[in-house]
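Numbering (my numbering), first residue to last: 6 to 316.
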């Protein structure tokens, strides 16, 4: 109906090719235009590792797209196409005032080209869900705060818009956050979080995540800790163990040592490395944060200055 008129034509299929073979498909949407280009948001994992990208518009026209920037941790990427090919620009809303139980919709190409423009409907099942995602390796090394929906999301929906009843975009669907054993649960990155990073992505800048400057392991990685000669008190069930501070880093200057167990950042619990990154990445390089750690059975707090990832 009218709801879909507001968004439908701003949605595109994204096709990634490798050696002229289709290697990935996903969905994207136009979130803005300037004098020359239309800018699209999609998931980073849709455009990762491909050589050429084309975009199929709702009028079936296929056009070339260029990746401007992307980030694995955000699982977001920005692409550009010629402005003359843009059929519609999506209205960006806010996820803040959507309530659990509200109706939501997605538009995407769940199984690629043949099912393009599929609309699914559902409700918002949860907000502020903390979901672990694996980024670099097989381990769940990152946590995202996401919206949970019961609308079905399939691989090709990845990167597509999540909409409220007014047809405004309130999230970016991400398939990476789905466990194969789960039915009827989808997740979306809140649109505010995505929009707060698009400027950097458009410019192709690397997102500067702040670092503490430590090599670390989870308290549960007992075999690895043993290899480094670190024994963690059996009472300590959660936290991040300092394997060693990087020389000259903020953690080093603050006096953190091998074997310290970090349990809180700014008084927020740090269960493991994923949670530590989540709390850390709410800050910028240059910020000072309070780190609470356990050493020799005693809890201490120290202030640490965060640095850029390449310092």
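Beta carbons: idealized from backbone N, C-alpha and C, even for Gly.
{"query": "Is residue 114 closer than 8 Å to residue 32 when the C-beta atoms are compared?", "result": "yes"}
{"query": "Here's a check: name, in chain order, each residue in its chain whose Cβ is nearer than 8 Å to the Cβ of residue 120, leaving out the five neighbours to either side.", "result": "114, 161"}
{"query": "Pairing CB atoms from the stretch 40–57 with CB atoms from the stretch 83–93, are three or more of them under 8 Å?", "result": "yes"}
{"query": "Residue 41 to residue 96, Cα distance in whole Å?", "result": "19 Å"}
{"query": "Can you give, in chain order, each stretch of the alpha helix (DSSP H) that sits fully within the stretch 240–307 and has at least 4 residues?", "result": "255–258, 278–285"}
{"query": "Let's see if you can read the secondary structure: which residues bound the beta strand (DSSP E) around residue 69?", "result": "67–76"}
{"query": "Where DSSP assigns a beta bridge to residue 220, which residues make up the other side?", "result": "249"}
{"query": "Starting from the Cα of residue 103, find the closest Cα among 68, 223, 78, 129 and give me that residue.", "result": "129"}
{"query": "May I ask which residues mark the beginning and end of the alpha helix (DSSP H) holding residue 107?", "result": "Unbroken run through residue 107: none, as it is neither H nor E."}
{"query": "At what residues does the alpha helix (DSSP H) containing residue 228 begin and finish?", "result": "227–232"}
{"query": "According to DSSP, residue 42 sits in a beta bridge with which residue or residues?", "result": "87"}
{"query": "By the three-class DSSP mapping on this structure, what secondary structure does residue 37 have?", "result": "strand"}
{"query": "If the criterion is Cβ atoms closer than 8 Å, does the pair residue 111 and residue 195 meet it?", "result": "no"}
{"query": "From the DSSP output, in three-state form, read off residue 196 for me.", "result": "helix"}
{"query": "Go ahead and pull the three-state DSSP assignment for residue 203.", "result": "helix"}
{"query": "Cα separation between residue 175 and residue 20?", "result": "24 Å"}
{"query": "Given this structure, state the Cα-to-Cα distance separating residue 118 from residue 18, to the nearest angstrom.", "result": "7 Å"}
{"query": "Apart from the five residues just before and just after residue 270, which ones in its own chain have a Cβ nearer than 8 Å to its Cβ?", "result": "281, 284, 285, 294, 295, 296, 297"}
{"query": "What's the C-alpha gap between residue 147 and residue 59?", "result": "30 Å"}
{"query": "Give the DSSP-derived three-state secondary structure of residue 190 in the structure shown.", "result": "coil"}
{"query": "Unbroken beta strand (DSSP E) runs of length 3 or more, entirely within the stretch 141–172: which are they?", "result": "147–154, 166–168"}
{"query": "At the level of alpha carbons, what is the spacing between residue 274 and residue 134?", "result": "16 Å"}
{"query": "Go to residue 9, then tell me how far its alpha helix (DSSP H) extends in each direction, as first and last residue.", "result": "7–10"}
{"query": "With burial defined as no fewer than 16 other Cβ atoms inside 10 Å of the residue's Cβ, what is the status of residue 151: buried or exposed?", "result": "buried"}
{"query": "With DSSP as the reference, label residue 310 as helix, strand or coil.", "result": "strand"}
{"query": "Smallest Cα separation from residue 212: which of 69, 258, 202?", "result": "202"}
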